[in-house]
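One structure below.
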Amino acid sequence: MIKLETIPSINGELEKIEGKLQEITETKFNLLYRISNRLLKAGGKRLRPLLVLLTGKLNNELDTDVSNNLISGGASIELLHMSTLIHDDVIDNSIHRRGENTVNKDWGNKVAVLSGDLLYTQALRLLNELGDNDLLDYMLDIVGLICEGEVKQAVTNHDLDQAMEDYIDKITKKTALLIAASCKLGGIVCELSDKRVDAIENYGKKLGIAFQIINDLNDVVAEKCDLGKEPGDDLRQGTLTLPVIYGLQESAEKEFLEEVIVKHENSDEEIERALKVLRSSGAIEYSIKVSQDYINQALDSLRFFSDSPAKSTLQLIAHTVINSYKGIKPLETGVTI
């Protein structure tokens, strides 16, 4: 959970977002309620609604209407995120998330897809209530790009002909754009200038790219107890992440890695060997360096804002992305994501 003692009102506003999420996912159809409620109780980082709120705090004092709109906006972003997670698990045939069974594992793909659709429609309903058609159009564009990213990954699994540029484009669409949209939504609602909205959106985009690189790296280095699922999942899916791409280019055992990626089924022993190959190839150090470069770009985008507790927390979140790499001892930042 994220500790935010420096901004007294933020925890209360996050609690209001939680309450709104609970209220929205209540339904007379018991199964859908149970599914939504499980996702909410599983927790998660709530990074995206937090970014909505923090961006709003960059504009100093907010009136009640703006604060309420930030809470609604934060809830809508989290509902969109939850929807993508459910659909993601269906696409990847995942059976565990955050240490729990996935929706598709317990109830099947049909129920999972429809549950994700329900959350998506509830998110759009909240966005529509904000009364900003341009913002709604922007968010619809973001959802379309997320779908493009998912399709791109689905059709390129087990395909060795992918460069780093392809990977960055894919994770930008799949992950970074929704984080960027969280920041932009907050900036629009609290009426930041166009220049500052662009700056905070860029912060979110670069943060999101770094976030996904570290997330993909953790699949190579972390233990099951840290991931809530088996490590090496990307290798099993034939997904070329940044550490895998680097290993394919630089490892002395790249031919073995190629065989693992191309095959649609690998034994646990083959996956474990492939993970060891990646860990010794320099892929870890390279991935951290690339992620740090994106973090530096994110931090640079904050130069357009005067010092404030909100800005300091945004800086801290950026530093904490690197700290979320499971191969190092966590730093005492007071923030976990």
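With the numbering used here as the guide, the letters of the sequence shown map in order to residues 276 to 612. Beta carbons are placed, not taken as given, at the ideal position from N, Cα and C, and that holds for glycine. Since the structure is predicted, the reported quantities are computational estimates derived from the model, not experimental observations.
Beta-carbon proximity list for L420, same chain, < 6 Å, skipping 5 on both sides:
Reading the sequence shown from its first residue, position 145 is the one you call residue 420. Residues of the same chain with a CB within less than 6 Å of the CB of L420, apart from the 5 flanking positions on each side, are K448 and L452 in chain order.
Compare the C-alpha of W382 against each of R313, Y442, T396 and S555 and name the closest.
If you number the sequence shown from 1, residue 382 lands on position 107. It is R313 whose Cα lies nearest to the Cα of W382.
Quick check for students: name the residue ranges of the alpha helix (DSSP H) that lie wholly in the stretch 455-525, counting only runs of 4 or more.
Runs found: 469-496, 499-502, 508-512 and 517-525.
Counting only runs that start and end within the stretch 301-335, where is the alpha helix (DSSP H) found for 4 or more residues in a row?
Fully enclosed alpha helix (DSSP H) runs of no fewer than 4 residues occupy 305-316 and 322-332 of the stretch 301-335, in order along the chain.
Opposing strand residues paired with R372 [DSSP bridges]:
As a working mapping, residue 372 is identified with position 97 in the sequence shown. R372 is bridged to E375.
Are there 16 or more other CB atoms within 10 angstroms of the CB of G294, so buried, or fewer, so exposed?
The count along the sequence shown starts at 1 and reaches residue 294 at position 19. Taking all protein chains in view, the Cβ of G294 is surrounded by fewer than 16 other Cβ atoms within 10 Å, so the residue is classified as exposed.
Just checking my contact of I559 with V496 at CB under 8 Å: how many whole Å lie between their CB atoms?
The residue given as residue 559 occupies position 284 in the sequence shown. The residue given as residue 496 occupies position 221 in the sequence shown. Indeed, because the Cβ distance is near 6 Å, the residues count as touching under 8 Å.
Label E476 either buried or exposed according to how many other C-beta atoms from any shown protein chain fall within 10 Å of its C-beta, with 16 as the threshold for buried.
Taking the first residue of the sequence shown as 1, we reach residue 476 at position 201. E476 comes out buried.
For D494, is the classification buried or exposed, using 16 other Cβ atoms within 10 angstroms of its Cβ as the cut-off for buried?
Here residue 494 refers to the residue found at position 219 of the sequence shown. D494 counts as buried, since at least 16 other C-beta atoms from the protein chains shown sit within 10 angstroms of its C-beta.
Please report the straight-line C-alpha distance between E505 and L523, rounded to a whole angstrom.
In the sequence shown, residue 505 corresponds to position 230, counting from 1. In the sequence shown, residue 523 corresponds to position 248, counting from 1. A direct Cα-Cα distance of roughly 22 Å separates E505 from L523.
Smallest Cα separation from L289: which of L315, A317, R321 and I299?
Numbered from its first residue, the sequence shown carries residue 289 at position 14. The shortest Cα separation from L289 among L315, A317, R321 and I299 belongs to R321.
Where does D409 sit, in a helix, a strand or coil, going by DSSP?
Along the sequence shown, read from residue 1 onward, the residue named residue 409 stands at position 134. Helix, per DSSP.
Supposed contact pair V418 and L467 - C-beta distance, whole angstroms, cut 8 Å:
Here residue 467 is taken as the residue at index 192 of the sequence shown, counted from 1. Here residue 418 is taken as the residue at index 143 of the sequence shown, counted from 1. So it is not a contact: roughly 23 Å between Cβ atoms.
Count the C-beta pairs between the stretch 425-432 and the stretch 389-407 that are closer than 8 Å, then say yes if the count reaches three, no if not.
Segments in contact, no.
Tell me the DSSP secondary structure of G609 in three-state form.
The residue labelled residue 609 in the question sits at position 334 within the sequence shown. Note that G609 has pLDDT 42, beneath the 50 cutoff, so the model's placement of it is unreliable and no number is given.
Can you list, in chain order, the residues of its chain with a C-beta nearer than 8 Å to that of L345? Leave out the 5 residues immediately preceding and following it.
Counting from one through the sequence shown, the residue named residue 345 turns up at place 70. The answer, listed in chain order, is E288, V327, L328, G331, L337, G461, V464 and C465.
With H, G and I counted as helix, E and B as strand and the rest as coil, what does DSSP make of E613?
An answer regarding residue 613 cannot be provided, because it is not within the stretch 276 to 612 covered by the chain.
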